[in-house]
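*Asks:*
See the structure below:
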(Lines of atoms letter the chains of each structure in order from A and count residues from 1; the text may use other names and numbers.)
(Lines give C-alpha, C1' and ligand atoms only; values in the text may rest on other atoms or scores of the structure.)
Protein backbone atom coordinates (compact mmCIF):
# COMPACT_ATOMS: atom_id res chain seq x y z
CA UNK A 1 0.00 0.00 0.00
CA UNK A 2 1.17 3.52 -0.70
CA UNK A 3 2.57 5.41 2.32
CA UNK A 4 -0.26 7.41 3.90
CA UNK A 5 0.99 10.90 2.90
CA UNK A 6 1.45 9.76 -0.70
CA UNK A 7 -1.92 8.04 -0.71
CA UNK A 8 -3.71 11.12 0.60
CA UNK A 9 -1.92 13.34 -1.94
CA UNK A 10 -2.87 10.91 -4.72
CA UNK A 11 -6.52 10.99 -3.69
CA UNK A 12 -6.48 14.78 -3.32
CA UNK A 13 -5.06 15.20 -6.83
CA UNK A 14 -8.19 13.65 -8.36
CA UNK A 15 -10.72 14.75 -5.74
CA UNK A 16 -13.54 17.24 -6.17
CA UNK A 17 -14.17 20.15 -3.83
CA UNK A 18 -17.39 19.24 -2.02
CA UNK A 19 -17.79 22.27 0.24
CA UNK A 20 -15.92 24.66 2.48
CA UNK A 21 -16.42 25.61 6.11
CA UNK A 22 -15.81 29.15 7.38
CA UNK A 23 -16.25 29.98 11.08
CA UNK A 24 -17.88 26.59 11.58
CA UNK A 25 -20.54 27.23 8.94
CA UNK A 26 -20.46 25.00 5.83
CA UNK A 27 -21.31 26.37 2.40
CA UNK A 28 -21.04 25.19 -1.22
CA UNK A 29 -17.72 25.76 -2.95
CA UNK A 30 -16.16 25.23 -6.36
CA UNK A 31 -12.50 24.66 -6.96
CA UNK A 32 -9.68 22.23 -7.49
CA UNK A 33 -6.31 21.19 -6.14
CA UNK A 34 -3.04 22.61 -7.45
CA UNK A 35 0.19 20.74 -8.16
CA UNK A 36 1.30 21.02 -4.53
CA UNK A 37 -1.96 19.65 -3.15
CA UNK A 38 -3.34 23.02 -2.03
CA UNK A 39 -7.08 23.62 -2.59
CA UNK A 40 -7.87 26.56 -4.86
CA UNK A 41 -11.33 28.15 -4.71
CA UNK A 42 -13.19 30.23 -7.26
CA UNK A 43 -15.20 32.78 -5.29
CA UNK A 44 -17.90 34.92 -6.89
CA UNK A 45 -19.10 38.36 -5.72
CA UNK A 46 -21.61 38.06 -2.89
CA UNK A 47 -20.10 34.86 -1.51
CA UNK A 48 -18.73 34.88 2.03
CA UNK A 49 -15.06 34.70 1.12
CA UNK A 50 -15.22 37.31 -1.63
CA UNK A 51 -14.74 40.26 0.71
CA UNK A 52 -11.65 38.67 2.29
CA UNK A 53 -9.00 41.36 2.82
CA UNK A 54 -6.24 39.30 4.39
CA UNK A 55 -6.81 35.66 5.31
CA UNK A 56 -9.50 33.51 6.91
CA UNK A 57 -9.39 30.15 8.69
CA UNK A 58 -11.14 27.74 6.34
CA UNK A 59 -11.63 23.99 5.94
CA UNK A 60 -12.04 22.67 2.39
CA UNK A 61 -13.68 19.28 2.05
CA UNK A 62 -12.52 17.07 -0.82
CA UNK A 63 -14.20 13.86 -1.98
CA UNK A 64 -12.54 11.19 -4.12
CA UNK A 65 -14.94 8.66 -5.64
CA UNK A 66 -14.95 5.51 -7.74
CA UNK A 67 -17.77 4.63 -10.15
CA UNK A 68 -18.58 0.94 -10.24
CA UNK A 69 -21.19 0.41 -12.91
CA UNK A 70 -23.90 2.98 -12.27
CA UNK A 71 -23.02 3.60 -8.63
CA UNK A 72 -20.59 6.23 -7.32
CA UNK A 73 -18.70 5.09 -4.21
CA UNK A 74 -16.55 7.26 -1.92
CA UNK A 75 -12.84 6.33 -1.97
CA UNK A 76 -11.62 8.98 0.38
CA UNK A 77 -12.78 12.02 2.35
CA UNK A 78 -10.17 14.70 2.93
CA UNK A 79 -10.49 17.90 4.94
CA UNK A 80 -7.74 20.42 4.29
CA UNK A 81 -7.58 23.02 7.04
CA UNK A 82 -5.71 26.29 6.73
CA UNK A 83 -5.84 29.95 5.81
CA UNK A 84 -7.51 31.17 2.62
CA UNK A 85 -5.36 33.75 0.87
CA UNK A 86 -5.57 35.52 -2.49
CA UNK A 87 -3.61 33.77 -5.21
CA UNK A 88 -0.71 36.03 -6.31
CA UNK A 89 -1.17 37.56 -9.76
CA UNK A 90 1.83 35.71 -11.17
CA UNK A 91 0.28 32.37 -10.16
CA UNK A 92 -3.34 33.12 -11.05
CA UNK A 93 -3.34 31.38 -14.44
CA UNK A 94 -1.93 28.14 -13.02
CA UNK A 95 -4.49 28.31 -10.20
CA UNK A 96 -7.31 28.80 -12.72
CA UNK A 97 -6.12 25.75 -14.66
CA UNK A 98 -6.24 23.68 -11.46
CA UNK A 99 -9.83 24.78 -10.84
CA UNK A 100 -10.85 24.20 -14.46
CA UNK A 101 -9.54 20.62 -14.37
CA UNK A 102 -12.03 19.77 -11.61
CA UNK A 103 -14.80 22.33 -12.09
CA UNK A 104 -14.85 24.19 -15.46
CA UNK A 105 -16.47 27.60 -15.07
CA UNK A 106 -16.63 30.63 -17.37
CA UNK A 107 -16.08 32.86 -14.34
CA UNK A 108 -12.45 31.70 -14.37
CA UNK A 109 -11.81 33.79 -17.49
CA UNK A 110 -13.27 36.84 -15.77
CA UNK A 111 -11.21 36.15 -12.66
CA UNK A 112 -8.05 36.28 -14.81
CA UNK A 113 -9.01 39.14 -17.13
CA UNK A 114 -10.24 41.35 -14.28
CA UNK A 115 -7.75 40.19 -11.66
CA UNK A 116 -7.74 42.57 -8.68
CA UNK A 117 -10.70 44.63 -9.85
CA UNK A 118 -13.58 45.28 -7.42
CA UNK A 119 -16.54 43.02 -8.15
CA UNK A 120 -14.53 40.45 -10.14
CA UNK A 121 -14.52 36.75 -9.23
CA UNK A 122 -11.52 35.86 -7.08
CA UNK A 123 -9.12 32.95 -6.81
CA UNK A 124 -8.20 31.98 -3.25
CA UNK A 125 -5.75 29.31 -2.15
CA UNK A 126 -5.27 27.54 1.16
CA UNK A 127 -2.08 27.90 3.12
CA UNK A 128 -2.28 24.39 4.57
CA UNK A 129 -2.14 23.87 8.35
CA UNK A 130 -3.16 20.22 8.57
CA UNK A 131 -5.11 17.57 6.69
CA UNK A 132 -7.64 15.13 8.14
CA UNK A 133 -8.41 12.04 6.06
CA UNK A 134 -10.69 9.02 5.98
CA UNK A 135 -9.92 6.40 3.35
CA UNK A 136 -11.08 2.81 3.58
CA UNK A 137 -10.34 1.65 7.12
CA UNK A 138 -7.68 4.31 7.67
CA UNK A 139 -8.15 7.72 9.22
CA UNK A 140 -5.91 10.29 10.82
CA UNK A 141 -4.33 13.72 10.55
CA UNK A 142 -1.27 14.82 8.58
CA UNK A 143 0.62 17.99 9.43
CA UNK A 144 1.28 20.44 6.64
CA UNK A 145 4.88 19.36 6.00
CA UNK A 146 4.04 15.65 5.72
CA UNK A 147 1.23 16.42 3.30
CA UNK A 148 2.95 19.04 1.16
CA UNK A 149 6.27 17.18 0.99
CA UNK A 150 4.60 14.03 -0.36
CA UNK A 151 3.99 13.52 -4.08
CA UNK A 152 1.09 11.73 -5.75
CA UNK A 153 1.81 8.20 -6.96
CA UNK A 154 3.87 8.71 -10.17
CA UNK A 155 1.96 5.83 -11.79
CA UNK A 156 -1.48 7.18 -10.84
CA UNK A 157 -2.43 8.33 -14.36
CA UNK A 158 -1.47 5.00 -15.91
CA UNK A 159 -3.15 3.13 -13.07
CA UNK A 160 -6.46 4.94 -13.56
CA UNK A 161 -6.41 4.27 -17.30
CA UNK A 162 -5.68 0.56 -16.82
CA UNK A 163 -8.22 0.25 -14.00
CA UNK A 164 -10.97 1.76 -16.14
CA UNK A 165 -10.15 -0.61 -19.00
CA UNK A 166 -10.22 -3.70 -16.76
CA UNK A 167 -13.54 -2.72 -15.17
CA UNK A 168 -15.04 -2.08 -18.59
CA UNK A 169 -13.75 -5.09 -20.52
CA UNK A 170 -12.09 -7.72 -18.29
CA UNK A 171 -14.16 -8.17 -15.16
CA UNK A 172 -14.77 -11.87 -15.85
CA UNK A 173 -11.01 -12.42 -15.99
CA UNK A 174 -10.61 -10.39 -12.82
CA UNK A 175 -13.22 -12.49 -11.01
CA UNK A 176 -11.51 -15.71 -12.14
CA UNK A 177 -8.09 -14.48 -11.07
CA UNK A 178 -9.37 -13.36 -7.67
CA UNK A 179 -11.09 -16.71 -7.14
CA UNK A 180 -7.86 -18.51 -7.96
CA UNK A 181 -5.94 -16.37 -5.48
CA UNK A 182 -8.53 -16.92 -2.76
CA UNK A 183 -8.77 -20.64 -3.46
CA UNK A 184 -12.51 -20.54 -4.05
CA UNK A 185 -12.59 -22.30 -7.42
CA UNK A 186 -14.83 -20.85 -10.12
CA UNK A 187 -16.91 -17.87 -9.07
CA UNK A 188 -20.52 -17.39 -10.19
CA UNK A 189 -20.80 -13.84 -8.86
CA UNK A 190 -18.39 -12.29 -11.35
CA UNK A 191 -20.65 -9.28 -11.65
CA UNK A 192 -19.77 -8.27 -8.09
CA UNK A 193 -16.00 -8.15 -8.59
CA UNK A 194 -14.42 -4.81 -9.53
CA UNK A 195 -10.93 -3.38 -9.55
CA UNK A 196 -11.02 -0.69 -6.87
CA UNK A 197 -7.50 0.70 -6.68
CA UNK A 198 -4.24 0.12 -8.47
CA UNK A 199 -0.79 1.39 -7.55
CA UNK A 200 2.84 0.41 -7.73
CA UNK A 201 2.57 -1.77 -4.61
CA UNK A 202 -0.50 -3.80 -5.52
CA UNK A 203 -4.19 -3.92 -6.43
CA UNK A 204 -7.28 -3.58 -4.28
CA UNK A 205 -10.36 -5.47 -5.47
CA UNK A 206 -13.96 -4.76 -4.51
CA UNK A 207 -15.61 -8.17 -3.93
CA UNK A 208 -19.24 -8.30 -2.79
CA UNK A 209 -18.83 -4.99 -0.98
CA UNK A 210 -15.53 -5.93 0.71
CA UNK A 211 -12.06 -4.68 -0.21
CA UNK A 212 -9.28 -7.25 -0.67
CA UNK A 213 -5.66 -6.25 -1.19
CA UNK A 214 -3.30 -8.18 -3.48
CA UNK A 215 0.29 -6.89 -3.12
CA UNK A 216 2.79 -7.34 -5.95
CA UNK A 217 5.85 -9.53 -5.26
CA UNK A 218 7.98 -6.45 -6.00
CA UNK A 219 6.87 -2.82 -6.50
CA UNK A 220 6.17 -1.70 -10.06
CA UNK A 221 8.46 1.13 -11.14
CA UNK A 222 7.00 1.81 -14.60
CA UNK A 223 3.62 1.68 -16.26
CA UNK A 224 4.68 -1.42 -18.17
CA UNK A 225 5.69 -3.16 -14.92
CA UNK A 226 2.31 -2.23 -13.44
CA UNK A 227 0.43 -3.77 -16.37
CA UNK A 228 2.58 -6.92 -16.18
CA UNK A 229 1.86 -7.29 -12.46
CA UNK A 230 -1.86 -6.88 -13.05
CA UNK A 231 -1.86 -9.51 -15.78
CA UNK A 232 -0.56 -11.93 -13.14
CA UNK A 233 -3.70 -11.24 -11.08
CA UNK A 234 -6.01 -11.59 -14.08
CA UNK A 235 -4.51 -14.90 -15.17
CA UNK A 236 -6.81 -17.83 -14.33
CA UNK A 237 -4.39 -20.56 -15.38
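Numbering (the working numbering), first residue to last: 69 to 305. We treat Cβ as the ideally placed atom computed from N, Cα and C, and that holds for glycine. Quick caveat, the model's predicted, so the values are computed rather than measured.
1. Identify whether residue 111 lies in helix, strand or coil by the three-state DSSP scheme.
2. What does a CB cutoff of less than 6 angstroms around residue 150 pick up in its chain, not counting 5 residues either side in sequence?
3. Report the residue ranges of all alpha helix (DSSP H) runs contained in full by the stretch 182-269; include only those spanning at least 4 residues, in chain order.
4. Label residue 169 either buried or exposed according to how many other C-beta atoms from any shown protein chain fall within 10 Å of its C-beta, with 16 as the threshold for buried.
5. Quick one: what does DSSP say residue 159 is sitting in, helix, strand or coil?
6. Determine whether the beta carbon atoms of residue 270 and residue 282 lie at a separation below 9 angstroms.
7. Can you tell me whether DSSP reads residue 145 as helix, strand or coil?
8. Which term fits residue 301, buried or exposed, when burial requires 16 or more other beta carbons within 10 angstroms of its beta carbon?
9. Does residue 126 pass the burial test, meaning 16 or more other C-beta atoms within 10 Å, or should it be called exposed?
10. State the Cα-Cα distance for the pair residue 240 and residue 247, rounded to the nearest angstrom.
11. Of the residues 83, 119 and 93, which one's Cα is nearest the Cα of residue 108?
12. If you check the beta carbons only, do residue 80 and residue 199 fall under 9 angstroms apart?
13. Compute the distance between the beta-carbons of residue 221 and residue 267, then report whether it is under 9 angstroms.
14. Which residues bound the beta strand (DSSP E) around residue 300?
*Replies:* Considering the structure as presented:
1. strand
2. 194, 195, 196 and 197
3. 212-217, 224-237 and 239-250
4. exposed
5. helix
6. yes
7. strand
8. buried
9. buried
10. 11 angstroms
11. Out of 83, 119 and 93, 83 has the C-alpha closest to the C-alpha of residue 108.
12. yes
13. yes
14. Where residue 300 is concerned, there is no enclosing beta strand (DSSP E), although the alpha helix (DSSP H) it sits in stretches over 291-302.
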